[in-house]
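Asker:
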Amino acid sequence: MIVNLDTRRTIAEAPVAVLSRWQQLLRFGAKRLRRMQYDAMVLQRRHTLFLGLAPCKLDIIFVDAEQVVRQLHRSVPPGKLMIRCPGADAIILLPRGIIAATHTRIGHRLNISLELTPAAIRQLLLPEPHI
Numbered sequence: 008m009i010v011n012l013d014t015r016r017t018i019a020e021a022p023v024a025v026l027s028r029w030q031q032l033l034r035f036g037a038k039r040l041r042r043m044q045y046d047a048m049v050l051q052r053r054h055t056l057f058l059g060l061a062p063c064k065l066d067i068i069f070v071d072a073e074q075v076v077r078q079l080h081r082s083v084p085p086g087k088l089m090i091r092c093p094g095a096d097a098i099i100l101l102p103r104g105i106i107a108a109t110h111t112r113i114g115h116r117l118n119i120s121l122e123l124t125p126a127a128i129r130q131l132l133l134p135e136p137h138i
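Just remember that our numbering sits 7 ahead of the position in the sequence shown, which is counted from 1.
Structure below.
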């Protein structure tokens, strides 16, 4: 669950953790976000996002290690190739309109709680394959 602690609004109830670039590619390729099979993707340990395969317009939140919002991007089109935020520790991808609906702003504190499966824990311990 992802909650904006400053506005006390839920940003996402069932976020999916993406631990590697390969998983990001597979999830974008499947276009699951468009079909709403989950309401957010959290890319951990990332400060740069490559959107070449994004299935639809997305709202994007960059947060630092303390889970404070560093940058916001609303309704980013699929054709945008790269977005970067130095100092970010995670990137949250949301369906468009969520940032406005939750009144999220730069500097707001978020509570991001992701449940890691045993497979996700193993993925964290393995080196990332080169694509």
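The beta carbon of each residue, even a glycine, is placed where N, CA and C say it ideally should be. All figures in this text were calculated on a predicted structure; none of them were measured in a lab.
Only counting the same chain, and skipping five residues up and downstream in sequence, which positions put a Cβ closer than 6 Å to that of VAL75?
Answerer: Here residue 75 refers to the residue found at position 68 when the sequence shown is read from its first residue. So the qualifying residues of the chain are ARG116.
Asker: Taking the alpha carbon of PRO85 as the point to measure from, which residue in GLU73, GLY94 and ASP66 has its own alpha carbon closest?
Answerer: Position 78 of the sequence shown, counted from the start, is the residue given in the question as residue 85. PRO85 has its Cα closest to that of ASP66, out of GLU73, GLY94 and ASP66.
Asker: Going by DSSP, which residues form a beta bridge with MET48?
Answerer: Taking the sequence shown and counting its residues from 1, the one referred to as residue 48 is at position 41. According to DSSP, MET48 bridges with VAL23 and LEU100.
Asker: Per DSSP, which residues does MET8 bridge with? Please list them.
Answerer: What you label residue 8 is simply residue 1 of the sequence shown in a count that begins at 1. According to DSSP, MET8 bridges with nothing at all.
Asker: So, helix, strand or coil for ILE105, using DSSP?
Answerer: The residue given as residue 105 occupies position 98 in the sequence shown. It is helical.
Asker: For my contact list, ALA24 and ILE9 are in at a C-beta cut-off of 8 Å; report their separation, rounded to the angstrom.
Answerer: For the purposes of this step, residue 24 is identified with residue 17 of the sequence shown, where counting begins at 1. For the purposes of this step, residue 9 is identified with residue 2 of the sequence shown, where counting begins at 1. For ALA24 against ILE9, the beta-carbon gap comes to about 11 Å, at or over 8 Å, which does not count as contact.
Asker: Is the beta carbon of ASN118 less than 8 Å from the beta carbon of LEU50?
Answerer: One-based indexing of the sequence shown puts residue 118 at position 111. One-based indexing of the sequence shown puts residue 50 at position 43. Not in contact: ASN118 and LEU50 (Cβ atoms no closer than 8 Å).
Asker: Here's the rule I'm using: 16 or more other beta-carbon atoms within 10 Å means buried, otherwise exposed. How should THR55 be labelled?
Answerer: Here residue 55 corresponds to residue number 48 of the sequence shown, with the count starting at 1. So THR55 ends up on the exposed side.
Asker: Give me whichever residues DSSP pairs with HIS80 in a beta bridge.
Answerer: Against the sequence shown, residue 80 aligns to sequence position 73. Beta-bridge partners assigned by DSSP to HIS80: ILE67.
Asker: Could you give the C-beta distance for LEU58 and ILE90, rounded to a whole number, given that I count them as a contact under 8 Å?
Answerer: As a first step, residue 58 must be located in the sequence shown, where it is residue number 51. As a first step, residue 90 must be located in the sequence shown, where it is residue number 83. Correct: roughly 7 Å between the Cβ atoms.
Asker: Could you work out which residue in ALA72, ILE106 and ARG52 is closest to HIS80 when comparing CA atoms only?
Answerer: Locating residue 80 in the sequence shown gives position 73, where the first residue counts as 1. For the residues ALA72, ILE106 and ARG52, the minimum Cα distance to HIS80 belongs to ILE106.
Asker: Where VAL70 and HIS110 are concerned, what is the direct C-alpha to C-alpha distance, given to the nearest angstrom?
Answerer: Walking along the sequence shown from the start, residue 70 turns up at place 63. Walking along the sequence shown from the start, residue 110 turns up at place 103. Computed Cα separation, rounded: 16 Å.
Asker: Quick one: using the 10 Å Cβ neighbour count with 16 as the cut-off for buried, is ARG53 buried or exposed?
Answerer: The sequence position of residue 53 within the sequence shown is 46, counting from 1. Buried, because 16 or more other Cβ atoms sit within 10 Å of the Cβ of ARG53.
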